[in-house]
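See below for the structure under consideration.
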Amino acid sequence: MPPAQSMTPAGRRIAAAAEELFYERGITAVGVDLIAEHSGVTKRTLYNQFGSKDHLVATYLTERDRRWRALVRAAVDACEDPVEAVGAPFEALRTWSGANSRGCAFINALAELPDPAHPAHRVAADQKLWLRDLFEGLATAAGLREPADLAVRLLVLHEGALATQPLPLDTLSATTALARTLVRACAPTGR
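The sequence shown maps to residues 185 to 375 in this note's numbering.
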């Protein structure tokens, strides 16, 4: 998918309208007519810009993923201690969650688009695998024991916090504390 910067002005309007509508109402509940109306373009322009709704959904998720990864990388880079950096995605999630109250767009997309061949399904699945790989890489760099197992556990905690975000509970605080406990438990002795 082309980055938002390389889209035409009409393409950027379409992508912005699609993001708002897909996130707030759901991917399958939103048709191209509504997106075209909200973006002030014709359906023909929408199809000329994106080819299909499936590719527009993939573009929507790709753009969210770019912003999410940049936020996570900034949180990781802000950590001076490599062990502390392992939990940085949880701090990034705290920031991200303030503006994204309907839960995780990627979890929502995976639920709505179960076909692994769907281009948006692949974007959403890749986002989750990227996060697991990031946790593993950070755990390895920090010298933690069993980095692959720790990465899976941290991913499960992270995804649980995302899945429960729409509830009137503060699961993110409890999850972040549990993640820190898991990280410390994997630290080499004497740390």
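Each residue gets a CB set at the ideal place from its N, CA and C atoms; glycine is no exception.
Checklist entry - So what's Glu204 in DSSP terms, helix, strand or just coil? => result Along the sequence shown, one-based indexing puts residue 204 at 20. Glu204: helix per DSSP, three-state reduction.
Checklist entry - Any heavy atom of the ligand NAP within a distance shorter than 7 Å of the CB on Gly344? => result No copy of the ligand NAP appears in this structure; indeed no ligand is present at all.
Checklist entry - Counting only runs that start and end within the segment 226 to 306, where is the alpha helix (DSSP H) found for 4 or more residues in a row? => result Assignment of alpha helix (DSSP H) within the segment 226 to 306, counting only whole runs of 4 or more residues, yields 227 to 234, 237 to 261, 266 to 270, 272 to 281 and 289 to 296 in chain order.
Next on the checklist: Can you check which of these residues, Val307, Ala276, Pro350 and Val260, is closest to Ala269 by C-alpha distance?
Outcome noted: The residue you call residue 269 lines up with position 85 of the sequence shown. Cα-wise, what sits closest to Ala269 is Val260.
Checklist entry - Does DSSP classify Arg329 as helix, strand or coil? => result Here residue 329 refers to the residue found at position 145 when the sequence shown is read from its first residue. In this structure, Arg329 counts as coil in the three-state DSSP scheme.
Checklist entry - Mapping DSSP to helix, strand and coil, what is Gly321? => result Your numbering for residue 321 matches position 137 in the sequence shown. If DSSP states are grouped into helix, strand and coil, Gly321 belongs with the helices.
Checklist entry - DSSP on Asp354, reduced to helix/strand/coil? => result For the purposes of this step, residue 354 is taken as the residue at position 170 of the sequence shown. If DSSP states are grouped into helix, strand and coil, Asp354 belongs with coil.
Item to check | Nearest-angstrom Cβ-Cβ length linking Tyr231 and Arg286, presumed shorter than 8 Å | outcome: Locating residue 231 in the sequence shown gives position 47, where the first residue counts as 1. Locating residue 286 in the sequence shown gives position 102, where the first residue counts as 1. Not confirmed; about 27 Å, so no contact.
Checklist entry - What are the start and end residues of the alpha helix (DSSP H) that includes Ile219? => result Position 35 of the sequence shown holds residue 219. Ile219 -> alpha helix (DSSP H) spans Val216 to Ser223.
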